[in-house]
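Step one of this worksheet: look at the structure below.
In the numbering used here, the protein residues as written are 7 to 163.
Have a look at this one:
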């Protein structure tokens with residue numbers, strides 16, 4: 007790179023080559039796509055958690071529920087769900103605790119808050135990546151325009 011002095015114009019393309027800026031923009035776009043997949047997965051977890059909260063809140067309304075119990079991959083047989091106010095809740099690291107439906111709902115709500123905070127964090131991260139991608143796209147287009155002007159000047163000399 008030439009030494010910049012007073013009154014010297016340094017072409018943008020010499021600082022940021024267009025192909026390098028395009029590669030960087032492509033990498034950032036790929037990272038955004040990965041983050042979007044992760045966001046979709048988190049939203050599915052939130053929906054599952056909400057459905058589970060609804061189910062856990064409705065189960066204790068009756069003493070028992072008639073259900074179809076899975077037996078293998080394709081077979082079901084009729085059964086009865088009893089003790090509808092007792093749940094085994096995963097605490098983490100393979101530890102379970104027996105909890106009531108009210109306690110279980112509180113645990114699920116806390117998990118929902120954690121999931122929502124993860125979604126917000128991921129959205130902020132994606133917003134930063136989108137700004138970075140737009141910078142690289144703008145840099146690539148400006149560098150490409152600068153290199154085209156440089157080529158035209160050489161042709162006319």
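Where a beta carbon is used, it is the ideal one built from N, C-alpha and C, also for glycine.
If you compare the alpha carbons of 81, 125, 87, 115 with that of residue 95, the shortest gap goes to 115.
In the three-state reduction of the DSSP assignment, residue 126 falls in the helix class, which pools H, G and I.
Using a 10 angstroms sphere on the CB of residue 142, the tally of other CB atoms reaches 16 or more, which defines it as buried. Counted as a single uninterrupted DSSP element, the alpha helix (DSSP H) harbouring residue 60 occupies residues 24-64. By the Cβ rule, the region 111-129 does not count as touching the region 64-78, because fewer than three pairs are nearer than 8 angstroms. Per DSSP, the beta-bridge partners of residue 77 are 81. Three or more Cβ pairs closer than 8 angstroms define a contact, and the region 130-140 meets that threshold against the region 33-40.
Shown here, residue 91 sits in coil according to DSSP, grouped into three states, outside any helix or strand.
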